[in-house]
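Participant: Here it is, the structure, as structure tokens.
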Amino acid sequence: MNDRYSRQVLFPGIGKEGQAKISKKHVLIIGAGALGSGSSEILARAGVGKLTIIDRDYVEASNLQRQQLYTEEDVAEKLPKAAAAEKRLRAINGDVEIQAIIGDAIPELLEELVGDVDLMLDATDNFETRMMMNDISQKYNIPWIYGACVGSFGMSFSIIPGKTPCLNCLLRTIPLQGMTCDTGGIISPAVQMVIAHQTAEAMKMLVEDWDAVRTSFVSFDLWRNQYTSMKMSKAKFAGCLSCGEERTYPYLDHENMTKTTVLCGRDTVQIRPSAAGEISLEQLSGQLSGLGYTVKGNPYLLSVEIGTERIVIFQDGRALIHGTKDLTHAKSLYQRILG
């Protein structure tokens, strides 16, 4: 057994057998922001066999206050978070296989990836993606761990198909959709608390100590010194379309996916093309520069200045339009640049 994990192996809950199991497991983390960067670092240091990280955004200065994998250099280079996370995690533990995906966690992508995934961690900032994760979890019998935080408040719940209520069930009981990062800012200790809950539960699942897995829903407010744990067994709903007796997995329906959305807590609209495919950033940069636009970029994205607004274009054709929440206006700018 590698000495780097010796302190972890000494812990009775893990031991040599548990560490061997951890080293063979594949964890999918959706989102590489505050929760995703912290959780991925802990799991990489713990020696998980493979980490797959999906994120659609790039590193900005406002991220550095709480997103622990990133640096000012990443901000200056406008590195996609998935790429920056991959670079840092490889430096932390070369034994861990890292797969970084720059893009949206859409149903088609998730269904391609989950064949050998043992566990999923929620590190996203929107409920559309969480509900897709929830349906993937139920369809393919993969446990996942919900987590969210805003201000000094956070919450977490472990979802085990066939045993616990799913997220769709919980929405009938707990008003989770009020959790958005633009409600009241965020302090880093709240992020770290959610990460601690998520990764502790993840390690229990990875060593297959299912009796130790917490089945209650926890929430806390660090500023007000409040901590709540609620049993959720009665929340399971037989008529749930995600985990019930006649399930249809509605959130995996491509037609139900939002193509244009305002990103959480920002004057930014994301537009995703209806057809999948890659574009040549080099060719597009030349065309836009020839038209007089100010264009900057790296191998992953282009940044185009248009007056007081800015469009960031990724290889998959997605674009982030900064400086507006107007969906119609954002679509107009997208068409002007990408046709």
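Read in order, the letters of the sequence shown correspond to residues 141 to 479 in the numbering used here. No residue lacks a Cβ here, since even glycine has one placed at the ideal position from N, Cα and C. In this text the structure is predicted, and so the values were computed from the model without any measurement.
So, at 6 angstroms on beta carbons, what are the nonlocal neighbours of Leu-362 in its own chain, with the 5 sequence-adjacent residues on each side left out?
Facilitator: Same-chain partners within the cutoff: Ser-292, Pro-329, Ala-330.
Participant: DSSP three-state label for Gly-187, please.
Facilitator: Three-state result, Gly-187: coil.
Participant: Ignore the nearest five residues each way along the sequence and tell me which others in Ser-369's own chain have a CB closer than 6 angstroms to its CB.
Facilitator: Ser-356, Val-358.
Participant: What residue does the beta strand (DSSP E) around Lys-436 start on, and which one ends it?
Facilitator: Its beta strand (DSSP E) spans residues 434-438.
Participant: The alpha helix (DSSP H) with Ser-429 in it runs from where to where?
Facilitator: Per DSSP, Ser-429 belongs to the alpha helix (DSSP H) from 421-430.
Participant: Determine the DSSP secondary structure at Met-370, reduced to helix, strand or coil.
Facilitator: Strand, per DSSP.
Participant: To the nearest angstrom, how far is it from the Cα of Gln-338 to the Cα of Val-402?
Facilitator: Cα to Cα, the separation comes out at about 27 angstroms.
Participant: Would you mind stating whether Ile-477 and Val-444 have Cβ atoms separated by less than 8 angstroms?
Facilitator: Contact flag set, yes.
Participant: For Leu-441 versus Lys-161, is the C-beta distance shorter than 8 angstroms?
Facilitator: No, Cβ-Cβ distance for Leu-441 and Lys-161 is not below 8 angstroms.
Participant: Based on Cα-Cα distance, which residue from Ser-373, Val-334, Trp-350 lies nearest to Leu-261?
Facilitator: If we check each option's Cα against that of Leu-261, Val-334 comes out closest.
Participant: Among Ser-420, Ile-314, Ser-277, Glu-251, which one has its Cα closest to the Cα of Gly-302?
Facilitator: Checked all of Ser-420, Ile-314, Ser-277, Glu-251; the closest Cα to Gly-302 is Ser-277.
Participant: Can you give me the C-alpha to C-alpha distance between Ala-340 and Gly-432, rounded to a whole angstrom?
Facilitator: About 52 angstroms.
Participant: Give the secondary structure of Trp-363 by DSSP, where H, G and I count as helix, E and B as strand, and everything else as coil.
Facilitator: Trp-363: coil per DSSP, three-state reduction.
Participant: State the Cα-Cα distance for the pair Ala-483 and Gln-475, rounded to the nearest angstrom.
Facilitator: Shown here, the chain extends from 141 to 479; a query on residue 483 therefore has no answer.
Participant: Where in the region 149-207 do unbroken runs of the beta strand (DSSP E), each at least 3 residues long, occur, reported from the N-terminal end onward?
Facilitator: Correct list: 166-170, 190-195.
Participant: DSSP beta-bridge partners for Val-290?
Facilitator: The partner list for Val-290 (beta bridge, DSSP) reads Phe-293.
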